[in-house]
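Trainee: My questions will all concern the structure given below.
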Amino acid sequence: MQSNKILCSVATRGRYTTTLPLVLMAIANQTASPDKLVIFDDNDNPEDMRENPIYQHIFQILDYKKIAWEWLFADKKGQHHIHQKANEMGYEWVWRVDDDAIPEANVLEQLCSYIDTTVGAIGGSILTLPHIFNTSKSTGKIKDIDSEPNIQWGNINVTKEVEHLHCSFLYRAGIHDYNLGLSRVAHREETLFTYGIYQKGYKVLTVPNAITWHLKAEGGIRSETKQEMYAHDEVIFRNIVGLSNSTIVVLNSGFGDHIVFSHVLPEISNPVVFTCYPEIVQGRSIAEAQALFGDIDQWNIYKKMAGWNWKGSLEDAYRKLYL
Amino acid sequence: MIIIAPFAKPLINGNRNPKNYPYWDKLIELTNEKIVQVGVEGEEQLVYDFRKNLSLADLRKLISECRIWIGCDSFFQHLAWDCKKPGIVLWSVSDPLIYGHPENINLLKSRDYLADNQFLWWDFTKYNPDAFMKPEEVIKYIL
Chain A
11 MQSNKILCSV ATRGRYTTTL PLVLMAIANQ TASPDKLVIF DDNDNPEDMR ENPIYQHIFQ
71 ILDYKKIAWE WLFADKKGQH HIHQKANEMG YEWVWRVDDD AIPEANVLEQ LCSYIDTTVG
131 AIGGSILTLP HIFNTSKSTG KIKDIDSEPN IQWGNINVTK EVEHLHCSFL YRAGIHDYNL
191 GLSRVAHREE TLFTYGIYQK GYKVLTVPNA ITWHLKAEGG IRSETKQEMY AHDEVIFRNI
251 VGLSNSTIVV LNSGFGDHIV FSHVLPEISN PVVFTCYPEI VQGRSIAEAQ ALFGDIDQWN
311 IYKKMAGWNW KGSLEDAYRK LYL
Chain B
33 MIIIAPFAKP LINGNRNPKN YPYWDKLIEL TNEKIVQVGV EGEEQLVYDF RKNLSLADLR
93 KLISECRIWI GCDSFFQHLA WDCKKPGIVL WSVSDPLIYG HPENINLLKS RDYLADNQFL
153 WWDFTKYNPD AFMKPEEVIK YIL
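Protein chains in written order, with this note's numbering: chain A, 11 to 333; chain B, 33 to 175.
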């Protein structure tokens with residue numbers, strides 16, 4: 011294990027008595043343990059599982075193996091809000107595991123073996139029987155997302171640099187935010203998230219010998235059936251991916267901040283700017299950014315500086331955000 | 033000619049902005065040079081020549097004509113920096129290492145007065161006149 015600060019995050023809804031105990035056991039049985047496991051309970055009617063004998067055993071096993079664990083009740087806003095909380099909990103890496111995805115015992119150790127300073131996210135195979143795809147020719151590039159099976163849907167035989175991941179993966183925390191403008195179903199949330207990590211200049215990898223079995227039990231975090239939620243999220247996804255060759259800049263801040271930013275702007279490649287003060291920095295309106303991308307907090311420079319515990323100049327903070 | 037830009041933008045909750053310098057009257061009294069105040073309608077007039085609501089172009093022209101400018105941590109310090117005209121910034125609770133420019137004379141009495149959280153709105157930061165450098169000290173940098 012090359013990092014000693016790994017959080018395992020599980021978002022769960024409607025799977026108390028189906029796949030969730032299997033997932034937690036699989037996490038407890040990893041050959042390399044996370045430093046902490048957090049279960050985010052997003053059920054409409056949450057229960058105290060400490061009364062359940064199966065969970066009692068699982069919690070005892072976690073304690074015995076000295077894996078710190080915590081059961082948190084989530085806000086019922088969708089798993090993107092949950093994962094963003096995990097993203098901000100101060101760990102170097104987060105291993106996100108779906109509540110119906112059972113990792114083999116070596117998965118975390120195998121994903122961790124690829125950690126280095128250039129890597130932002132690492133995923134293995136996510137296999138859903140009986141549908142095992144041949145994904146050996148999949149590129150994992152965002153431009154091919156509509157025309158190829160997801161590379162994680164098949165047996166991965168070689169390490170490949172891709173541009174997005176789905177379902178379960180290990181990621182470097184705090185370098186990109188989940189898009190909180192998505193609806194509760196959070197359609198495409200992990201694709202947008204990992205693509206954002208890729209756009210920040212980090213490698214996103216799919217790696218062999220790290221198989222997670224996707225059991226697709228009833229319920230789940232995406233059990234909403236309202237099609238308009240999926241349509242809403244798809245529009246946001248398309249808007250962001252449609253600007254994949256550009257750097258989206260959203261200046262939702264003060265007059266002076268715009269002046270400072272104007273000194274960074276020439277260093278940004280192919281910027282598409284949304285601005286409050288077009289007389290300082292030309293661009294499109296903030297309202298348009300909100301409509302296109304759903305959530306613009308991921309470009310809030312003050313929120314970013316707070317998250318980074320920033321001590322440098324505002325100008326350099328803009329560089330960190332956009333370069 | 034000296035430009036003064038005394039006030040940061042008003043706070044939403046109506047409280048006094050903790051970045052506003054409390055000793056302007058005394059500092060102006062100590063200054064033996066023509067002073068032009070810039071700002072917006074509704075701000076207190078501190079000198080005879082108060083130019084309100086100037087356009088950016090007019091502000092830039094005025095900045096180019098001054099010997100030096102004095103202000104608090106507001107947009108004006110950034111505009112003057114953009115015009116490559118060094119001046120004096122009177123700091124209190126915000127951190128000049130984050131929001132200032134090293135080309136200016138950044139007068140901070142003590143880092144002990146800096147707000148713990150530099151990235152929230154200033155509405156709930158208590159106003160503290162003791163956080164600012166006294167005019168008798170500031171004037172040494174103007175002369």
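All residues carry an ideal CB built from backbone N, CA and C; glycine is no exception.
(1) Going straight from the alpha carbon of K321/A to that of L129/B, what length do you get?
(2) Let's see if you can read the secondary structure: which residues bound the beta strand (DSSP E) around G133/A?
(3) Which one of I44/B, V79/B and H133/B has the shortest CA to CA distance from T231/B?
(4) Taking the alpha carbon of R329/A as the reference point, which residue from P276/A, A316/A, E289/A and A297/A has its own alpha carbon closest?
(5) Quick one: which chain B residues come within Cβ less than 7 Å of V270/A?
(6) A241/A: buried (16+ other C-beta within 10 angstroms of its C-beta) or exposed?
(7) So is V168/A buried or exposed if we call it buried at 16+ other beta carbons inside 10 Å?
(8) For chain B, find out if any of its Cβ atoms is closer than 9 Å to the Cβ of Y332/A; answer yes or no.
(9) Are K141/B and W154/B close, meaning C-beta to C-beta below 9 Å?
(10) Going by other Cβ atoms of all chains shown within 10 Å of its Cβ, with 16 needed for buried, is I142/A buried or exposed?
(11) Take every Cβ of the region 170-185 of chain A, pair it with every Cβ of the region 209-222 of chain A, and state whether three or more of those distances are shorter than 8 Å.
(12) Classify K117/B as buried or exposed, calling it buried when 16 or more other Cβ atoms lie within 10 Å of its own Cβ.
(13) Can you confirm whether the region 50-66 of chain A touches the region 77-89 of chain A when touching is taken to mean that 3 or more C-beta pairs between the two stretches lie within less than 8 Å?
(14) Using a 10 Å radius around the Cβ and a threshold of 16 neighbouring Cβ atoms, would you call V72/B buried or exposed?
(15) Going by CA-CA distance only, name the one from V260/A, I290/A, C286/A and R194/A that's closest to H273/A.
(16) What's the gap between the Cα of Q12/A and the Cα of D243/A?
(17) Name, please, each residue of chain B whose Cβ falls closer than 7 Å to the Cβ of Y312/A.
(18) Counting only beta-carbon atoms, is L275/A nearer than 9 Å to chain B?
(19) Using 8 Å as the threshold, is the region 54-68 of chain A in touch with the region 122-137 of chain A, meaning 3 or more CB pairs across them?
(20) Is there a C-beta anywhere in chain A that falls below 9 Å from the one on F107/B?
(21) Within the same chain, show all residues whose beta-carbon is closer than 6 Å to that of Q69/B, passing over the 5 residues directly before and after it, in chain order.
(22) Between A115/A and chain B, is any beta-carbon pair separated by less than 9 Å?
(23) For A196/A, does the count of other Cβ atoms within 10 angstroms reach 16, so buried, or fall short, so exposed?
(24) Just to make sure I have the definition right: I need the residues of chain B whose C-beta is within less than 7 Å of the C-beta of A111/A. Which are they?
(25) Name the chain B residues whose beta carbon is nearer than 7 Å to that of G264/A?
(26) When the Cα atoms are used, what is the spatial distance from V270/A to E325/A?
(27) When DSSP labels each residue in this structure, what does G317/A get in the three-state scheme?
(28) Go ahead and pull the three-state DSSP assignment for S13/A.
(29) Going straight from the alpha carbon of N49/B to that of Y159/B, what length do you get?
(30) Tell whether a beta-carbon distance below 9 Å holds between N310/A and N249/A.
(31) Would you give the residue range spanned by the beta strand (DSSP E) that F83/A belongs to?
(32) Quick check: is the beta carbon of L261/A nearer than 9 Å to any beta carbon in chain B?
(33) Which residue wins for smallest C-alpha separation from Q89/A, given the options K75/A, R106/A, I77/A and A36/A?
(34) List the residues that DSSP assigns as beta-bridge partners of N138/B.
(35) I need the boundaries of the alpha helix (DSSP H) containing I174/B, first residue and last residue.
(36) If the cut is a Cβ gap below 7 Å, which residues of chain B does D289/A touch?
Mentor: By the coordinates alone:
(1) What you label residue 321/A is simply residue 311 of the first sequence in a count that begins at 1. What you label residue 129/B is simply residue 97 of the second sequence in a count that begins at 1. Spanning the two alpha carbons is a distance of roughly 7 Å.
(2) Translated into positions along the first sequence, residue 133/A becomes position 123. Residues V129 to L137.
(3) The question about residue 231/B has no answer, for chain B in this structure spans 33 to 175.
(4) One-based indexing of the first sequence puts residue 329/A at position 319. For R329/A, the nearest C-alpha among the options comes from P276/A.
(5) Taking the first residue of the first sequence as 1, we reach residue 270/A at position 260. Contacts between V270/A and chain B, judged by CB atoms closer than 7 Å, involve H110 in chain order.
(6) In the first sequence, residue 241/A corresponds to position 231, counting from 1. That one is exposed.
(7) Walking along the first sequence from the start, residue 168/A turns up at place 158. By the neighbour-count rule (16 or more Cβ atoms within 10 Å), V168/A is not buried but exposed.
(8) Counting from one through the first sequence, the residue named residue 332/A turns up at place 322. No - not a single Cβ of chain B is within 9 Å of the one on Y332/A.
(9) Taking the second sequence and counting its residues from 1, the one referred to as residue 141/B is at position 109. Taking the second sequence and counting its residues from 1, the one referred to as residue 154/B is at position 122. For K141/B and W154/B, no; Cβs fall outside 9 Å.
(10) In the first sequence, residue 142/A corresponds to position 132, counting from 1. Exposed.
(11) Judged by Cβ distances under 8 Å, the region 170-185 of chain A makes contact with the region 209-222 of chain A, as three or more pairs qualify.
(12) Locating residue 117/B in the second sequence gives position 85, where the first residue counts as 1. K117/B counts as buried, since no fewer than 16 other beta carbons sit within 10 angstroms of its beta carbon.
(13) Taking 8 Å as the limit for Cβ pairs, the verdict is that the region 50-66 of chain A does touch the region 77-89 of chain A.
(14) By one-based count along the second sequence, residue 72/B stands at place 40. Label assigned to V72/B: exposed.
(15) By 1-based counting over the first sequence, the position of residue 273/A is 263. For H273/A, the nearest C-alpha among the options comes from I290/A.
(16) Here residue 12/A corresponds to residue number 2 of the first sequence, with the count starting at 1. Here residue 243/A corresponds to residue number 233 of the first sequence, with the count starting at 1. Note on Q12/A: pLDDT 43, under 50, position unreliable in the model; the coordinate value appears next. Rounded to the nearest angstrom, the two C-alpha atoms are 36 Å apart.
(17) Within the first sequence, numbered from 1, the residue matching residue 312/A stands at position 302. Within chain B, the C-beta atoms nearer than 7 Å to that of Y312/A come from F151, in chain order.
(18) Taking the first sequence and counting its residues from 1, one reaches residue 275/A at position 265. Nearest CB-CB separation between L275/A and chain B: not below the 9 Å threshold.
(19) Short answer: they don't touch.
(20) In the second sequence, the residue the question calls residue 107/B occupies position 75. Yes, F107/B lies at the interface with chain A (some Cβ there is under 9 Å from its Cβ).
(21) Here residue 69/B refers to the residue found at position 37 when the second sequence is read from its first residue. Here the set comprises I36, L78, V79 and F82.
(22) Numbered from 1 along the first sequence, position 105 holds the residue referred to as residue 115/A. By this cut-off, A115/A is not an interface position.
(23) Here residue 196/A corresponds to residue number 186 of the first sequence, with the count starting at 1. Buried: at least 16 other Cβ atoms inside 10 Å.
(24) Start at 1 with the first residue of the first sequence, and residue 111/A comes out as number 101. Correct list: empty, because the minimum Cβ distance to chain B is about 36 Å.
(25) What you label residue 264/A is simply residue 254 of the first sequence in a count that begins at 1. Residues of chain B passing the Cβ test: F107.
(26) As a working mapping, residue 270/A is identified with position 260 in the first sequence. As a working mapping, residue 325/A is identified with position 315 in the first sequence. Straight-line measurement puts the Cα of E325/A at about 6 Å from the Cα of V270/A.
(27) Counting from one through the first sequence, the residue named residue 317/A turns up at place 307. In the structure shown, G317/A sits in a helix (DSSP, three-state: H, G or I).
(28) Taking the first residue of the first sequence as position 1, residue 13/A is located at position 3. Reliability of the predicted coordinates at S13/A is poor, the pLDDT of 47 falling under 50, and no value is obtained from them.
(29) In the second sequence, residue 49/B corresponds to position 17, counting from 1. In the second sequence, residue 159/B corresponds to position 127, counting from 1. For N49/B and Y159/B, the distance between alpha carbons rounds to 7 Å.
(30) Looking up residue 310/A in the first sequence gives position 300. Looking up residue 249/A in the first sequence gives position 239. For N310/A and N249/A, no; Cβs fall outside 9 Å.
(31) Taking the first residue of the first sequence as 1, we reach residue 83/A at position 73. Run containing F83/A: A78 to F83, per the beta strand (DSSP E) assignment.
(32) Within the first sequence, numbered from 1, the residue matching residue 261/A stands at position 251. With 9 Å as the cut-off, L261/A does not count as an interface residue toward chain B.
(33) Stepping through the first sequence from its first residue, residue 89/A is reached at position 79. For the options K75/A, R106/A, I77/A and A36/A, the alpha carbon positioned closest to that of Q89/A is the one of R106/A.
(34) The sequence position of residue 138/B within the second sequence is 106, counting from 1. Note: N138/B sits in a beta bridge opposite V121/B.
(35) In the second sequence, counting from the first residue as 1, residue 174/B sits at position 142. Looking at the DSSP string, the run of the alpha helix (DSSP H) that includes I174/B is P167 to I174.
(36) By one-based count along the first sequence, residue 289/A stands at place 279. Reading off the sequence, residue 289/A comes out as Glu, not Asp. Within 7 Å Cβ-Cβ: L88.
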